[in-house]
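To keep things clear, I will list the structure first and then write my remarks on it.
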Amino acid sequence: MSSASEHKQEFIFRGIAVSPGVVHGRACLLSRLEPEIPSYPISSEQVDGEIARFEDAIIATRQQIANLRDQVSQKLSEAEAQIFDAHLLVLEDKALIEETIGELRGSLYNVESCFNRISQRYIDFFSNLEDDYIKERANDIRDVTRRLLRSLAGESQPDLASLSEPGILIAYDLTPSEAALIDKDTVLAIITEHGGATGHAVIMARSMGIPAIVNLAKATSRIPAGCQVLVDGYEGTLVVNPTTDTLFRYGEIQVHKDSIRRIFLSELEKPVETADGQEIILLANIEGAEDVARVSESGAEGIGLFRSEGLYLRSNDFPSEDEQFEEYVKVVRGMEGRPVIIRTLDLGGDKVLSKAMIGLGENNPFMGFRAIRFCLKHKEVFKVQLRALLRASAEGDLKILYPMLSGVSELLDSNQLLEEAKDELRKRGEKFNEKVEVGAMIEIPSAAQVAPELARHSDFFSIGTNDLTQYLLAVDRVNDEVAHLYQPAHPAVVRTIKQIIDAANAAGIPVGVCGEIAGESAYAALLLGLGMRELSITPPNLPEVRYNLRRLELQDMEDLATKALECWDPADVQQLLDTFTKERIKPLVQDAINTLKAES
Ligand code: PEP
Ligand code: MG
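If you want this note's numbering, it's the 1-based position in the sequence shown plus 191.
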């Protein structure tokens with residue numbers, strides 16, 4: 192048997208595997224976020240040609256935005272589609288067009304450089320105005336400028352919300368607001384040149400079950416648009432023009448992985464306890480109400496982290512109290528009385544809502560105006576969310592979690608606003624759970640240090656190891672230059688987790704981990720050994736962790752933790768984890784494979 196792709200040369204590229212799965216399909220290139228802007232002199236005879244190019248690009252861009260608008264209106268809503276009306280208006284702005292043509296005639300430079308110069312002038316002007324609404328216009332112009340420059344360069348750019356047929360997205364980088372728009376049915380896999388394993392776009396891909404590879408060097412320039420590619424999200428390998436043999440081999444791998452997964456899923460009715468009978472609670476991390484179905488299928492006993500900002504990023508706006516209530520109540524009802532921990536808005540860092548963050552120009556966004564800091568400044572935005580959460584608390588076991596607390600005063604201020612929100616609801620005669628539980632996320636070293644005091648004012652702790660690692664080690668979680676230094680196995684992280692557990696135990700409040708390491712079996716074992724009894728995991732990873740923990744003895748996990756606490760070198764902790772994986776966890780998976788073979 193032969194295939195068209197066998198006539199072309201097969202190439203293999205490697206990156207870092209961040210979301211598992213094997214798929215193949217057509218490569219759709221999302222070119223770099225900032226298009227390159229050529230700049231060269233032209234002769235006066237070339238002016239008319241440049242103007243014609245400009246007009247063609249405007250028509251093509253207008254068509255592209257109109258298509259995108261239609262797609263968004265169908266997939267999301269008409270309200271969300273209206274963002275693109277503002278973009279269309281930019282393209283009809285006479286001043287922008289006429290000034291560009293004037294610049295072209297006057298300077299005798301190519302149209303890209305003239306258009307970029309003029310639009311930049313407008314962007315700077317609008318960004319520096321006080322009025323938030325007008326500032327937003329700068330963002331519209333920036334977005335349209337990028338599109339138009341790409342059209343001038345002849346680049347076709349698929350929009351995330353509108354891949355017309357299923358494909359594999361190859362991008363320079365991906366922001367969480369772009370990832371929030373991804374359609375699971377058309378984006379089969381995601382490949383990026385940059386980005387770390389714990390960036391929020393990657394976390395979203397993982398939770399949607401979309402295979403992903405990051406750090407694939409020069410992916411957008413080396414992978415031809417439209418060619419067939421095969422993605423191995425287990426190993427981080429991408430094969431361009433795979434031969435039939437390669438497709439067959441990977442097909443076998445996927446069949447094999449699927450069978451093992453079925454074994455992991457086959458015992459969801461059995462209790463979640465270690466081999467020696469220690470009960471543990473496994474919860475799920477979700478990004479939105481649409482994930483609820485997959486939570487139940489994964490065997491989770493509830494939701495340990497609902498990252499509510501997805502709601503804001505998807506609509507690129509601040510959703511109203513009713514819109515939020517609808518979403519939260521859907522989750523609470525869907526979980527039928529099981530616990531649902533909803534984290535309040537964690538914008539900032541890599542999660543930028545243009546409406547709120549435009550003009551901020553932060554040098555260190557992860558250390559800047561993020562999460563609770565934003566909410567405590569924009570109290571009304573925060574209270575809209577708190578009221579929506581409180582109303583949904585009347586319908587089930589909803590708990591509220593504050594992200595990125597750096598100390599006690601932020602917790603007290605947040606609780607004060609929660610009380611005000613309760614008063615407002617009482618006045619409106621709305622129902623809510625008067626005793627709604629409130630948790631503190633421990634993900635900043637200073638919070639870990641004052642954990643005993645935080646515990647006095649919270650009902651539970653949830654440790655965010657993604658950020659705790661970033662802030663303890665001063666390693667940006669999305670910067671691939673320092674990705675090798677991002678080590679959750681660093682003894683400082685291990686010891687800090689232990690301190691937080693001890694503080695929670697001393698105060699008699701529950702503590703869980705909701706960072707990505709909870710979804711890796713060896714780390715999960717280490718966490719249990721440190722005394723953790725609750726883990727919140729992205730649903731696709733949960734069945735495997737559940738399967739393994741049910742077969743491990745707590746004593747062995749405690750021995751692992753004792754040894755890890757004695758280390759000073761991250762490499763030694765990593766070695767302990769690798770040995771534990773090799774000697775304790777791999778054999779369990781091998782047993783699963785043997786069972787499978789015996790059955791077939
Ligand atoms: C964390 O920091 O570990 C966490 C769970 O939150 P996020 O990844 O959304 O910052
Ligand atoms: Mg965090």
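Using N, Cα and C, we set each Cβ at its ideal position, and we do this for glycine too.
{"Asked": "Inter-residue spacing [alpha-carbon to alpha-carbon] between Arg337 and Ser412", "Found": "18 Å"}
{"Asked": "In DSSP terms, what Glu628 is bridged to", "Found": "Lys590"}
{"Asked": "The alpha helix (DSSP H) enclosing Ser600, as first and last residue numbers", "Found": "Val599 to Arg619"}
{"Asked": "Presumed contact (8 Å Cβ cut-off) between Ser304 and Ser230, rounded CB distance", "Found": "4 Å"}
{"Asked": "Contact check, Leu733 vs Leu473, beta carbons under 8 Å", "Found": "yes"}
{"Asked": "Those residues, in chain order, that have a beta-carbon closer than 5 Å to some heavy atom of ligand 2", "Found": "Glu634, Gly655 and Asp658"}
{"Asked": "Rounded separation between Met192 and Lys199 - CA only", "Found": "A caution first: Met192 carries a pLDDT of 38, below 50, which makes its placement in the model too unreliable to give a value."}
{"Asked": "For Tyr593 and Ile861, the rounded distance between their alpha carbons", "Found": "Because the chain here runs from 192 to 791, residue 861 falls outside it and cannot be looked at."}
{"Asked": "Sequence-distant residues of the same chain with beta carbon closer than 6 Å to Asp331, five excluded per side", "Found": "Ala277, His278 and Val281"}
{"Asked": "Between the CA atoms of Glu426 and Glu384 - distance to the nearest angstrom", "Found": "16 Å"}
{"Asked": "Per-residue DSSP class, three states only, for Cys305", "Found": "helix"}
{"Asked": "Proximity test, Asp537 beta-carbon vs ligand 3 heavy atom, cut-off 7 Å", "Found": "In terms of ligand content, the structure shown lacks ligand 3 and carries ligand 1 and ligand 2 instead."}
{"Asked": "Contact check, Ile404 vs Ile207, beta carbons under 8 Å", "Found": "yes"}
{"Asked": "Short Cβ contact (8 Å threshold) for Glu241 with Asn307", "Found": "no"}
{"Asked": "Cβ-heavy atom distance, Leu496 to ligand 1, below 7 Å", "Found": "yes"}
{"Asked": "Per DSSP, cross-strand counterpart(s) of Val422", "Found": "Val214 and Leu429"}
{"Asked": "Gln589 to Ala371 span [Cα, whole Å]", "Found": "The sequence as given places Leu at residue 589; Gln does not occur at that position. Using only the alpha carbons, I get a separation of about 24 Å."}
{"Asked": "Reduced DSSP secondary structure (H/G/I, E/B, other) of Gly240", "Found": "helix"}
{"Asked": "Those residues which DSSP pairs with Ser653 across a bridge", "Found": "Met632 and Gly703"}
{"Asked": "Buried/exposed call for Phe439, threshold 16 Cβ in 10 Å", "Found": "exposed"}
{"Asked": "Three-way DSSP call (helix, strand, coil) for Gly539 in this model", "Found": "strand"}
{"Asked": "Opening and closing residue of the alpha helix (DSSP H) in which Phe455 lies", "Found": "Thr435 to Leu456"}
{"Asked": "3-residue-minimum beta strand (DSSP E) runs that sit fully inside the stretch 491-577, ordered along the chain", "Found": "494-498 and 531-534"}
{"Asked": "Of the residues Leu504, Ala344, Asn696 and Phe557, the one placed nearest Ala248, counting alpha carbons only", "Found": "Ala344"}
{"Asked": "Between the CA atoms of Pro462 and Glu611 - distance to the nearest angstrom", "Found": "41 Å"}
{"Asked": "Validate contact between the stretch 658-665 and the stretch 673-681 using beta carbons, cut 8 Å, 3 pairs", "Found": "yes"}
{"Asked": "Opposing strand residues paired with Glu470 [DSSP bridges]", "Found": "Glu464"}
{"Asked": "Any non-hydrogen atom of ligand 1 closer than 7 Å to Ile394 Cβ", "Found": "yes"}
{"Asked": "Tyr738 - DSSP class collapsed to helix/strand/coil", "Found": "helix"}
{"Asked": "Assumed close pair Glu500, Leu536 - CB separation to whole angstroms, cut-off 8 Å", "Found": "5 Å"}
{"Asked": "Paired residues, beta bridge with Cys219 - DSSP", "Found": "Leu360"}
{"Asked": "Cβ-based burial, Leu320 [other Cβ within 10 Å; buried from 16]", "Found": "exposed"}
{"Asked": "Inter-residue spacing [alpha-carbon to alpha-carbon] between Ala362 and Ala408", "Found": "11 Å"}
{"Asked": "For Ala480, the three-state DSSP class (helix, strand or coil)", "Found": "helix"}
{"Asked": "DSSP beta-bridge partners of Tyr300", "Found": "Pro232"}
{"Asked": "Neighbourhood of Ser194 by C-beta, 6 Å cutoff - its chain only, sequence neighbours within 5 removed", "Found": "In this predicted model, Ser194 has a pLDDT of only 45, less than 50, meaning its place in the structure is not dependable enough to derive any value."}
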